[in-house]
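Take the sequence shown: its letters are residues 1004 to 1227, numbered as in our numbering. Note that beta-carbon positions come from the ideal geometry of N, C-alpha and C, so glycine has one too. Below is one structure; the comments refer to it alone.
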Amino acid sequence: MPLILCIETATDSCSVCVAEGQHVIAVKESHHSRSHASQLSVFIDELLKENKLQYASLDAIAVSCGPGSYTGLRIGAATAKGLCFALEKPLIAVHTLESMAHLYKNNAAGNADYFCPMLDARRMEVYTALFNNHVEYVRPAEAVILEENFLADYLQQNKISFFGSGSIKFRNICKSENAVFVDNFNLSATGLVNLALHKYGQKQFEDIAYFEPFYLKDFAGIKK
């Protein structure tokens, strides 16, 4: 099984983990402050040393590629690219919203029909996507200005779980009884593991020289 280092810095959370196949060997993370520049390299170094792993033993580096915080994504991408260059290992990019959906499903106790991760952008804007409960895209990643009728057609007959840093904005205006809001959801590098493993098996690697995070800067209007 491949040994993959996973990096998550798309939000305030700074999280790294190393996994052998689907098995997470160890995690190191902080959810309290956006101090990725000072924490990330230290976390990676400590994680490997504490588990008696060598950098050279890694088979690939996976990074959460966005959308999310511009600064956080840049730091994560630069660190991952630097390691891949130095170690001559492949780079795997995992979309942040998809990682969130997998992380939620792995830890959820509910029975929602759809999952809707939301990341805070600014004002009433969020980065979001909609997934079914098999974690397949129903609506692609988009930046939207939230209104009361967001996803109204889906909410009429389906239960949807909303989670992530942007979900509180929708909670304040949504009136549907089918909307379930999840508190205290933190991003974690462990959400990347299965997606990174699949991409590794498919050899879906990034061009290290030209890779850039997925910022999703263009904002879209509400789709009903």
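8 Å Cβ cutoff met for residue i and residue j
i, j, result
"I1095", "I1047", "no"
"A1146", "C1009", "no"
"V1141", "V1027", "no"
"I1211", "C1087", "yes"
Residue range of the beta strand (DSSP E) that includes residue i
i, result
"V1097", "1094 to 1097"
"F1046", "Note, F1046: premise wrong, no beta strand (DSSP E); alpha helix (DSSP H) at 1039 to 1053."
"V1183", "1182 to 1184"
"I1163", "1163 to 1166"
Alpha helix (DSSP H) segment containing residue i, residue limits
i, result
"E1215", "No alpha helix (DSSP H) holds E1215; DSSP gives it neither H nor E."
"A1155", "1155 to 1158"
"A1199", "1196 to 1205"
Identified DSSP bridge partners for residue i
i, result
"V1019", "I1010, K1031"
"I1171", "Answer is none; I1171 lacks a bridge partner."
"I1064", "L1008, L1094"
Residue i versus residue j - alpha carbon distance
i, j, result
"N1054", "C1020", "11 Å"
"A1111", "I1078", "30 Å"
"L1100", "A1132", "7 Å"
"S1179", "S1170", "14 Å"
"E1128", "I1148", "4 Å"
"S1191", "M1004", "21 Å"
Contact test: residue i Cβ vs the ligand MN heavy atom, cutoff 7 Å
i, result
"L1006", "With respect to small molecules bound, the structure shown includes none, and the ligand MN cannot be examined in it."
Runs of alpha helix (DSSP H) wholly within the segment 1074 to 1147 (minimum 4 residues, chain order): 1099 to 1110
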